[in-house]
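Participant:
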Amino acid sequence: MVENREWWKIMGLQEDENAQWFSVPEVAEKLRIRLRDVRAMLARKEIVALRRGVNNALLLHESQFIDSAAGFTLVPGLKGTFTVLADGGYSDEEMLAWMLTPNTQLATTPINALRAGRIHAVRTAILTSMN
1 MVENREWWKI
11 MGLQEDENAQ
21 WFSVPEVAEK
31 LRIRLRDVRA
41 MLARKEIVAL
51 RRGVNNALLL
61 HESQFIDSAA
71 GFTLVPGLKG
81 TFTVLADGGY
91 SDEEMLAWML
101 TPNTQLATTP
111 INALRAGRIH
121 AVRTAILTSM
131 N
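According to the UniProt record's numbering, the sequence shown holds residues 1 to 131 in order.
1. Would residue 97 and residue 110 qualify as a contact pair, given that the criterion is a beta-carbon distance under 8 angstroms?
2. Return the Cβ separation of residue 84 and residue 58 in integer angstroms, given the expectation that the two are a contact with Cβ distance under 8 angstroms.
3. I'd like the list of long-range same chain contacts for residue 66, defined as Cβ closer than 8 angstroms, with 5 residues on each side in sequence excluded.
4. Classify residue 53 as buried or exposed, calling it buried when 16 or more other Cβ atoms lie within 10 Å of its own Cβ.
5. Using only alpha-carbon positions, find the residue among 113, 33 and 95 that is nearest to residue 130.
6. Tell me, please, which residues DSSP counts as bridged to residue 73.
7. Leaving out five residues before and five after residue 38 in sequence, what residues of the same chain have Cβ atoms less than 6 angstroms from its Cβ?
8. Please list the terminal residues of the continuous beta strand (DSSP E) segment that includes residue 23.
9. So, residue 22 versus residue 78, is the Cβ gap smaller than 8 angstroms?
10. Can you grab the Cα-Cα spacing for the pair residue 34 / residue 101, in whole Å?
11. Can you give me the C-alpha to C-alpha distance between residue 13 and residue 50, rounded to a whole angstrom?
12. Mind checking residue 64: buried by the 16 CB within 10 Å criterion, or exposed?
13. To which residues does DSSP link residue 57 through a beta bridge?
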């Protein structure tokens, strides 16, 4: 496995130094679910965590969540999108990188397209990138 921030460089990306990363317990608290439920979501590829930092802890990128007055929730369509990417052979690092990389077919990043409700367009872009 690529250590900490090195995978961003390998993927040809510039990491957003201002991005927030949440620990598994923080996500459980914010989503108001049990810790084991977050771990189950990780195992089912509904969300993605990467090992980061000096402790090499599992952390989740803020882009996977919406933090609004209504509460902390997952981005709609994220679960199925990660499933399709995982089924296509993408690693967790590659899935997150793909979601954060501008896509010409979508004219934005896939995560922003999901936030805009363009789930079908994102899934089509995945299939196109796999061909």
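Backbone N, C-alpha and C define an ideal beta-carbon position, used for all residues, glycine too.
Facilitator: On the basis of the supplied data:
1. no
2. Their Cβ separation, rounded to whole angstroms, is 22 angstroms, which puts residue 84 and residue 58 out of contact at 8 angstroms.
3. 72, 73, 74, 75 and 115
4. exposed
5. 95
6. 66
7. 24, 27 and 28
8. 21 to 23
9. no
10. 31 angstroms
11. Caution is warranted here: a pLDDT of 46 is assigned to residue 13, below 50, making its placement in the model unreliable, and the coordinate value is therefore given only provisionally. The straight-line gap from Cα to Cα measures roughly 16 angstroms.
12. buried
13. 52
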